[in-house]
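Here's the structure, in C-alpha cells; my notes come after.
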Amino acid sequence: MNRSSGGVLLFTIFFFFLISLTESFYLPGVAPRDFQRGDPLQVKVNKLSSTKTQLPYEYYYLNYCKPKHVTNSAENLGEVLRGDRIENSVYTFHMREELPCQAGCRVKLDAGTAKKFKEKIDDEYRVNMILDNLPVAVLRQRRDGSQSTTYEHGFRVGFKGNYAGSKEEKYFINNHLSFRVMYHKDLETDYARIVGFEVTPNSIKHEYKDWDEKNPQLTTCNQNTKNIIQGSTVPQEVDTDKEVVFTYDVTFKESDIKWASRWDTYLLMNDDQIHWFSIINSLMIVLFLSGMVAMIMMRTLYRDIANYNQLDTQDEAQEETGWKLVHGDVFRAPEYSGLLSVYVGTGVQLFGMTLVTMIFASLGFLSPSNRGGLMTAMVLLWVFMGLFGGYASARIYKMFKGTEWKKNTLKTSFLFPGVLFAIFFVLNALIWGEKSSGAVPFGTMIALVCLWFGISVPLVFVGSYLGFKKPAIEDPVKTNKIPRQVPEQAWYMQPVFSILIGGILPFGAVFIELFFILTSIWLNQFYYIFGFLFIVFVILIITCAEITVVLCYFQLCSEDYHWWWRAYLTAGSSALYLFLYSIFYFFTKLEITKPVSGILYFGYMLIASYAFFVLTALGELRNKKEEGNTCYYQNRSLLNDARRLAANKDVTTLKELSTSEVDKFMAEWNSSKAFREDYEKRLLQSVDMRQLSKDGRMGNPGEKPLIAPEPTPAAVETEIVAKPKAK
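Using mature numbering (1 follows the signal peptide of the UniProt record, and there is no 0), the letters of the sequence shown map in sequence onto residues -24 to -1, 1 to 703.
What follows is the structure, encoded as C-alpha cells:
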C-alpha cells in the first residue's frame, strides 16, 4: 500500500515537472521576441503568389525597390518546396516609433518592366511580406456582416481601372504602403511583443521638384503629410517610360491580444460555422454506418460459424455452401503476388508517415507559424518509415512463398517513389520554363535524391532483411492442389462494380474535410484544424477496414476466392473519387486559365491520388482470371440446359443432347492433338485422384497411377480436405 502511494506521488511530481518545463519550451522559429522602444524592425519580403496561376515568383522578379545587399533568409526544405523565397527589403523602422511618409526609391519603367507589372496585375498577384514571423495582411469585412476582424493574406500588386470620361482601361500599381504594427506591452516592464502586422496599399502619383537620392523631398509625401489619401489624389499608372516612386509610412497600436493568440485572426474563416457543422455531421453519419456494419457482420458471422461448427462429419462438410466451401482455396497466392506485397509495404510506409505527421500536427509542432515545417516533416518521415515498409513487404512476400527478396526490396524502394519523382520532375521542368520561384532548385533536387538513395533505400533493405528472417506466416488451413472453379457471378458481384462501390463510403468520410484541405492548398489559406483531421483519419481507417471485410465476406459467400487484390483495391478505389472530386473543384472553385497552371494542378492531384492508392494492373488481373475460367464459362450454358431438361423430365431431348455433345467431344478428340493435350493437362490429375482410368471409366484394382507419385513420403492430398474448426 505504501509502495503504491509512493509511486503515485512520484508520478504526480514528475507530471508537474513536465508542466513546468513546457512553460519555457518553444518550437524552433516560433519563440516570442521582446522589443524595447527604438529597437530596429526589418520587414522581409516573400514570394508573389496568385490563385489564378499557382506559379509563385520572387519578390524582386518585379522591379521593386532593392536594398544595397539582398540577403536570403535561412529556408528549410519545406519552404523551398512551397516556393518561399524570403529576403530583406528597404522597409525598415523602429519599434513604437511612428514614421510619417517615407520615400523608398524611384523606378523608371521600361517596356519589359511595365509588361511584367501588367501581367502580374492581370493575374491578380499578391505581395507577401513578413515581420517577426507574422505575414502581412489586409483587413476585410466578413461576408456574414459581423464586426469581427478577418484578414486577406498579402496585398495586390495593383489594379485595373479607367480615368473619368474615358473608356480605355489602364493599369495602376500600389506604390504606397501604410503599415500598422500592433503590439502587446508587458505591464511590469517596457518590453513589448508584436501581435499584428497590417497594411493598407494605395496607388499615388507622387510629385517632386528635384530628386535627391540621399534625401528625396516629395510634395505629396513628407514629414508634414497627415492624410496622404485625398479625393483629388491621382493614382500611379503603369506604362512604358513612367516613373514610379515607392513610399511607405508606419503606425503603431497597442493591443490586448497576447502573443500566444496572435495567429487567431489569420486562421478565422468566413464559413467557419458551416465548416464545423459539416465535419460533425459527416462524423456522425460515418460513425452510425460503421456501427451498423459492425453489428451486421458480428451477428451474421456468429450465426454462420455456430452452424458450421455443428457439422461433425465429412459428408456434412461436403454439403456446405458459401464461404465455407472455399476454405481450401482462400489462402491460395494471388496473381502478381510480388506486386501486391510491394504495394502493401508502400502502404505501411505511407500509413506510418501520415500517422506520425498527424500526431505532431495535432500537438502543435507543425502549426502555420512554423513555416515549412509540415512539408519538411512529411518528407523526412517518409524517408525513415522505409524501415517499416520494407519489413511489411518482406513478410507478405515470404507468406506468398517468394524467394527473391532482394528483387522485391528493390521494387519496394523504387516503384512508388520512382513514379512520384518522375511526375514531380516533369512538373518542375514546366515551372522552370515559367521562371517561377516554385521550381525546386537543382541543389534541393540533389538533396532529395540523396535522402532517397542514402537513407530510404538502405532502411528498406534493413527492414526487408529483418522481415525475411522471420518465419513465414502460416495459413490457418491447407490449400488444395487443384484450384476450384469459380461459379459465374452475379452482375453486382463483378470485380469492377464491387470495387467502385466499396470506395464510396471511405470517400464520404473525408470529402468534406477534403474541400478545406484543397482550399488551403490552392487558395493560399491556412489549414490548422489538425485535431479534427486526425479524427477523420482514424474514422477513414475504420471505415476502410469495415467496408473491405463486408465486401470480402459477400465475395467468399458467392464462392469466389480471388479476394486478395479485390480487398486491396476496394478501399483504394476511393482515390478515383478523390481525383474526380479534384476535377469538380477545379471547374467550380478555381479560376485557373493558363494551360501550364492546369497541368500543375492535375499533376499534383494525380500524385495525391496515387499516394492515396493506385489502381495498377486491375485490368490485367481480371483478364488473367477470365483466361483461366474460359473452359468453365463455355460449358456453363450446356449444364444449365441439362438441368432444365432433367427438371422437366424430358428424357428424350436429354438423351439427344447427351449423344450430340459426346459425338462433338469424340470428333474433336480424334481430330485435334492440341485438344487432347489440353484436356489431359486440365483433368488428368483430377481423374487420377478419383481412381479413374484415362478415358473416364473406373480404374482396375492394382492399376498404375496416371501421374507418378512425388518422391516425398507425404500422402497425396485429396481435393476435399478435412474441415477445420472455425474460429
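Built from N, CA and C at the ideal position, the CB exists for glycine as well. This one's a predicted model, so the numbers in the text were calculated from it and none came from an experiment.
Straight-line gap, residue i to residue j (C-alpha atoms, nearest Å)
i, j, result
"F588", "Y441", "27 Å"
"Q193", "L38", "25 Å"
"F228", "G14", "12 Å"
"residue 774", "T385", "Since the displayed the chain opens at -24 and closes at 703, residue 774 lies outside it and no answer follows."
"G507", "S338", "5 Å"
"A622", "E637", "16 Å"
"L31", "W498", "11 Å"
"W540", "T524", "11 Å"
"residue 704", "S49", "Any question about residue 704 goes unanswered here, given that the chain covers just -24 to 703."
"residue 717", "V21", "Past the boundaries of the shown model lies residue 717; the chain is included only from -24 to 703, so the question cannot be answered."
"A79", "N64", "17 Å"
"residue 704", "F492", "Absent from the structure is residue 704, since the part of the chain shown begins at -24 and ends at 703."
"F183", "V210", "The sequence given here places Glu at residue 183; Phe does not occur at that position. Near 10 Å, if we compare the C-alpha coordinates of V210 and E183."
"C533", "D451", "20 Å"
"S647", "F641", "10 Å"
"T196", "Y224", "12 Å"
"L554", "A7", "38 Å"
"G328", "Y580", "21 Å"
"K445", "L315", "20 Å"
"E410", "L476", "39 Å"
"A584", "E230", "44 Å"
"R542", "Y40", "58 Å"
"N52", "T352", "7 Å"
Burial state of residue i (16 or more Cβ within 10 Å)
i, result
"G394", "exposed"
"E164", "exposed"
"H45", "exposed"
"C426", "exposed"
"S369", "buried"
"I222", "It should be noted that the sequence gives Phe, not Ile, for residue 222. Label assigned to F222: buried."
"W239", "buried"
"P571", "exposed"
"F93", "buried"
"S142", "exposed"
"G88", "exposed"
"G419", "exposed"
"Q470", "exposed"
"K383", "exposed"
"E619", "It should be pointed out that residue 619 corresponds to Arg in this sequence rather than to Glu. Its Cβ having fewer than 16 others within 10 Å, R619 is exposed."
Distance CB(residue i)-CB(residue j) smaller than 7 Å
i, j, result
"E219", "F148", "no"
"Y504", "P310", "no"
"L435", "L331", "no"
"V512", "V486", "yes"
"S26", "D108", "no"
"G430", "G54", "no"
"V306", "Y537", "yes"
"L516", "P482", "yes"
"M158", "V171", "yes"
"S266", "I480", "no"
"R308", "T455", "yes"
"Y101", "Y242", "no"
"Y367", "G439", "yes"
Bridge partner(s) assigned by DSSP for residue i
i, result
"G137", "K146"
"S636", "DSSP lists no partner for S636."
"T126", "R116"
"H70", "P16 and E73"
"T227", "R156"
As assigned by DSSP and simplified to three states, the class of residue i
i, result
"A309", "coil"
"L552", "helix"
"L24", "strand"
"A584", "helix"
"I488", "helix"
"D86", "coil"
"R116", "strand"
"P16", "strand"
"N646", "helix"
"residue 704", "Since the first and last residues shown for the chain are -24 and 703, residue 704 lies out of range."
"G172", "strand"
"residue 716", "Since the first residue of the chain shown is -24 and the last is 703, residue 716 is not available in this structure."
"G414", "coil"
"V220", "strand"
"Y319", "helix"
"P111", "strand"
Cβ-heavy atom distance, residue i to the ligand SAH, below 6 Å
i, result
"A405", "With respect to the ligand SAH, the structure offers nothing, as it holds no ligand at all."
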